Amino acid sequence: MKILGLSKDQIIVAVRGGQVRIAIFGMGKMGFPLAVAFAQAGAQVLGFDPNTALVEAINRSENPHPLEGGLDGLVGPLVKQGKLRATTIPEGADVYITLVPTVLDANRQPALGILEEVMGTIASLLEPGDLVIEESTLPPGTCAQRLWPILLRGALKEGQIGFVHAPERTMSGRALEDITGAYPKIVGGINLESAEAAASLYSVINSKGVIPVSSITAAEAVKVFEGIYRDVNIALANELALLSSNYGLDVTEVIRAANTQPYSHIHSPGAGVGGHCIPVYPYFVSQQPEAELIRLARRRNEEMPIRLVSMALLELQRRGVEWSEAKVLLMGIAFRPGVKEDRYSPFFPARDALLPLGVGVYAWDPLYSDEEIAALGVTPVHSLAGMDAAIVITDHEQFKELDWFSAAALMRNPVLVDGRFILSPALRDQNLTVLRLDGW
Ligand SMILES: NC(=O)c1ccc[n+]([C@@H]2O[C@H](COP(=O)([O-])OP(=O)(O)OC[C@H]3O[C@@H](n4cnc5c(N)ncnc54)[C@H](O)[C@@H]3O)[C@@H](O)[C@H]2O)c1
Numbered sequence: 000m001k002i003l004g005l006s007k008d009q010i011i012v013a014v015r016g017g018q019v020r021i022a023i024f025g026m027g028k029m030g031f032p033l034a035v036a037f038a039q040a041g042a043q044v045l046g047f048d049p050n051t052a053l054v055e056a057i058n059r060s061e062n063p064h065p066l067e068g069g070l071d072g073l074v075g076p077l078v079k080q081g082k083l084r085a086t087t088i089p090e091g092a093d094v095y096i097t098l099v100p101t102v103l104d105a106n107r108q109p110a111l112g113i114l115e116e117v118m119g120t121i122a123s124l125l126e127p128g129d130l131v132i133e134e135s136t137l138p139p140g141t142c143a144q145r146l147w148p149i150l151l152r153g154a155l156k157e158g159q160i161g162f163v164h165a166p167e168r169t170m171s172g173r174a175l176e177d178i179t180g181a182y183p184k185i186v187g188g189i190n191l192e193s194a195e196a197a198a199s200l201y202s203v204i205n206s207k208g209v210i211p212v213s214s215i216t217a218a219e220a221v222k223v224f225e226g227i228y229r230d231v232n233i234a235l236a237n238e239l240a241l242l243s244s245n246y247g248l249d250v251t252e253v254i255r256a257a258n259t260q261p262y263s264h265i266h267s268p269g270a271g272v273g274g275h276c277i278p279v280y281p282y283f284v285s286q287q288p289e290a291e292l293i294r295l296a297r298r299r300n301e302e303m304p305i306r307l308v309s310m311a312l313l314e315l316q317r318r319g320v321e322w323s324e325a326k327v328l329l330m331g332i333a334f335r336p337g338v339k340e341d342r343y344s345p346f347f348p349a350r351d352a353l354l355p356l357g358v359g360v361y362a363w364d365p366l367y368s369d370e371e372i373a374a375l376g377v378t379p380v381h382s383l384a385g386m387d388a389a390i391v392i393t394d395h396e397q398f399k400e401l402d403w404f405s406a407a408a409l410m411r412n413p414v415l416v417d418g419r420f421i422l423s424p425a426l427r428d429q430n431l432t433v434l435r436l437d438g439w
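Quick note: the sequence shown uses numbering that gives the first Met the number 0, first residue 0, plus one each step.
See below:
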């Protein structure tokens, strides 16, 4: 059933009654949990993805993203009831939702080719009354200026179809929980009718409700601004860590105390920012002349892994260890603790700074197999034995719980560079060298 023009109550009843067909383009870590959420609410959901293995796994009732919590037990019954199906061949529906990669190209420009191709496909399937919802994060202005004209290239005209941006606001590893009730859904339409239809649709799956904003561009900006806020805040925390060394301060103590004041929300300093959100979104606006602070913050965050590597190398030099003879361990490949996601992880710039110097680069990440680690051009290990330096990139629980004194006793040179503030400075009393960004 087409939902454009229906009342909120009619839309809710139609979705719950299984009368609304929703096609979701992109069955990735975000698209698949969204498909499950809508199917669970009653909609007939069709997931489209060119990845055949992914599609076949879904149709076999498997959760293709086992690290996304809460999905395992839901997929089987939804597939069996015919509520959820996946395909590599796009089909017509009543609502089309896109959740495909919007990353950066080699020049750090937004790469929108996939999304534009998907919009072209959708344009060829559209019927009067259909609603298209774009959820992938976009530079403000993209929907109105680049995507809407593509949708109108099909047989239909403005007024016959709806178009909305409703940015995905989830985090990898907890997508289903976030989609269904962690934060309200933001919705901005190309016109009021589109926004109202989408708001009613999302009210079925999101217990935190929907916040309509006044335009499709405002909705794009909400998600991008959220990400930029976090990037700039982390850059500030990193800068505060660096300048704390001038005062002999433990930056974590100062930030913890400062944040007891309700207007202070200083984030955590550390090895750098990863994932395909926070390090990417600043580049969506960084060409704008006014974005000075945003560009500076990005530079500050991008230099953090290099700073950690420099700290390790300078200490090795001080100890008379030739870099070409040194073994340096990078502890953590994932950008976030406990989540096997390494896009834009600080691991990569750290690795890339070390390898050209002839340093032996080793990596340990409990979430990655030896084969996966070797494929990244470094040697997999499961301890600190024989290393000259270890750099903590990720604060995985396993690393936090490590008996660092015993672990470091196996090193050739006990140089520990703590990029996540997880080591006790008291380890220095045991003749270990512990280096931190704040020098504490
Ligand atoms: N992962 C996150 O934490 C997160 C959070 C908020 C927003 N987002 C947004 O969501 C988008 C998707 O993120 P994700 O984590 O699901 O990415 P993902 O890489 O896990 O999934 C993307 C999926 O799109 C599929 N795809 C590629 N080309 C396609 C095409 N032409 N048609 C249909 N599907 C196609 C891929 O095969 C893949 O399965 C991101 O680009 C970002 O804008 C992601």
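Even for Gly, the Cβ is constructed at its ideal location relative to N, Cα and C. Note that the structure is predicted; figures quoted are calculated from it, not measured.
Report the three-state DSSP secondary structure of Ile88 (helix, strand or coil).
When DSSP states are grouped into helix, strand and coil, Ile88 belongs to the coil group.
Mind checking Pro288: buried by the 16 CB within 10 Å criterion, or exposed?
It counts as exposed.
Along the alpha helix (DSSP H) that carries Phe224, what are the first and last residues, could you check?
Counting along the chain, Phe224 sits inside the alpha helix (DSSP H) bounded by residues 215 to 243.
Is the closest heavy atom of ligand 1 to the C-beta of Phe37 under 6 Å?
Remark: the shortest separation between the CB of Phe37 and any heavy atom of ligand 1 does not fall under 6 Å.
Does the Cβ of Ile113 lie closer than 6 Å to at least one heavy atom of ligand 1?
Correct: Ile113 has its Cβ closer than 6 Å to ligand 1.
Could you compute how far the alpha carbon of Tyr96 sits from the alpha carbon of Ala22?
The residue you asked about is not Tyr; residue 96 is Ile in the sequence shown. Cα-Cα distance, rounded: 6 Å.
So if DSSP puts His164 in a beta bridge, which residue, or which two residues, is it bridged to?
Per DSSP, Glu133, Gly187.
Any heavy atom of ligand 1 inside 6 Å of the beta-carbon of Lys207?
Taking the Cβ of Lys207 as the reference point, every heavy atom of ligand 1 lies at 6 Å or farther away.
Rounded to whole angstroms, what is the Cα-Cα separation between Gly385 and Val327?
A straight-line Cα-Cα distance of about 9 Å links Gly385 and Val327.
Look at Glu115 and Ala165 and say whether their C-beta atoms are less than 7 Å apart.
Not in contact: Glu115 and Ala165 (Cβ atoms no closer than 7 Å).
Find the nearest neighbour of Leu434 within the set Met310, Ala407, Val35, judged by alpha-carbon distance.
Closest in alpha carbon position to Leu434, among Met310, Ala407, Val35, is Met310.
Three-state secondary structure (DSSP) of Thr169:
Note: Thr169 maps to coil in three-state DSSP.
Going by DSSP, which residues form a beta bridge with Lys326?
Lys326 is bridged by DSSP to Gly359.
Residue from Ala388, Val377, Glu371, Leu401 whose Cα sits closest to the Cα of Arg317
Closest option to Arg317, Cα to Cα, is Ala388.
Alpha helix (DSSP H) segment containing Phe347, residue limits:
Counting along the chain, the alpha helix (DSSP H) containing Phe347 begins and ends at 346 to 353.
Proximity to Leu422 [Cα-Cα], best of Glu396, Arg168, Leu241
The shortest C-alpha separation from Leu422 is found at Glu396.
Which of helix, strand or coil DSSP assigns to Pro65:
For Pro65, the three-state secondary structure derived from DSSP is coil.
Can you name, in chain order, every residue of its own chain whose Cβ lies under 7 Å from the Cβ of Ile204, other than the five neighbours on each side?
So the qualifying residues of the chain are Ala36, Phe37, Ala40, Ile178, Thr179.
May I ask you to check if the CB of Thr169 is nearer than 6 Å to at least one heavy atom of ligand 1?
Yes; taking the cut-off as 6 Å, the Cβ of Thr169 has a heavy atom of ligand 1 nearer than that.
Taking Cβ positions, are Met29 and Asp48 nearer each other than 7 Å?
Taking a C-beta distance under 7 Å as the contact criterion, Met29 and Asp48 do not qualify as a contact pair.
Beta-ladder partner(s) of Phe24, from DSSP
Beta-bridge pairing by DSSP links Phe24 to Phe47, Thr97.
Roughly how many angstroms lie between the CA atoms of Tyr246 and Val253, to the nearest whole one?
Rounded to the nearest angstrom, the two C-alpha atoms are 12 Å apart.
Just to check my reading of the structure: Val250 and Ala257 have Cβ atoms closer than 8 Å, yes? What is that Cβ distance to the nearest angstrom?
A Cβ-Cβ separation of about 10 Å leaves Val250 out of contact with Ala257 under the 8 Å criterion.
Looking only at C-alpha atoms, which of Ile160, Ile392, Pro76, Glu219 sits nearest to Glu167?
It is Glu219.
Compare the Cα-Cα distances from Gly140 to each of Gly161, Gly188, Arg299, Ala105 and report the closest residue.
Minimum Cα distance to Gly140 is reached at Gly188.
Distance, Gln9 Cα to Pro278 Cα:
Going by the C-alpha atoms only, they are around 41 Å apart.
Leu146 and Met118 closer than 7 Å at C-beta:
Yes, they are a contact pair.
What is the DSSP secondary structure of Arg419, counted as helix, strand or coil?
Correct three-state label for Arg419: coil.
Pair within 7 Å by beta-carbon distance, Ala270 and Gly418:
Yes, they are a contact pair.
Is Tyr262 buried or exposed, if buried means 16 or more other CB atoms sit within 10 Å of its CB?
By the 10 Å Cβ count, Tyr262 comes out exposed.
Measure the beta-carbon distance from Gly153 to Ala197 and round it to whole angstroms, keeping in mind my assumption that it falls under 8 Å.
Actually they are not in contact, since the Cβ atoms of Gly153 and Ala197 sit about 20 Å apart, beyond 8 Å.
When the Cβ atoms of the region 422 to 432 are set against those of the region 328 to 337, are three or more pairs found closer than 8 Å?
No: the two stretches stay apart, fewer than three of their Cβ pairs being nearer than 8 Å.
What are the start and end residues of the beta strand (DSSP E) that includes Arg145?
Careful: Arg145 lies outside any beta strand (DSSP E) and carries neither H nor E.
Based on Cα-Cα distance, which residue from Val391, Leu415, Pro348, Thr393 lies nearest to Leu375?
Checked all of Val391, Leu415, Pro348, Thr393; the closest Cα to Leu375 is Pro348.
I want to check one thing, is the minimum distance from the CB of Phe135 to the heavy atoms of ligand 1 below 6 Å?
The question names Phe, but residue 135 is Ser in the sequence shown. Distance from the C-beta of Ser135 to the nearest heavy atom of ligand 1 is below 6 Å.
Would you say Phe460 touches ligand 1, meaning its beta carbon is less than 6 Å from a heavy atom?
Nothing can be reported for residue 460, as the shown portion of the chain is limited to 0 through 439.
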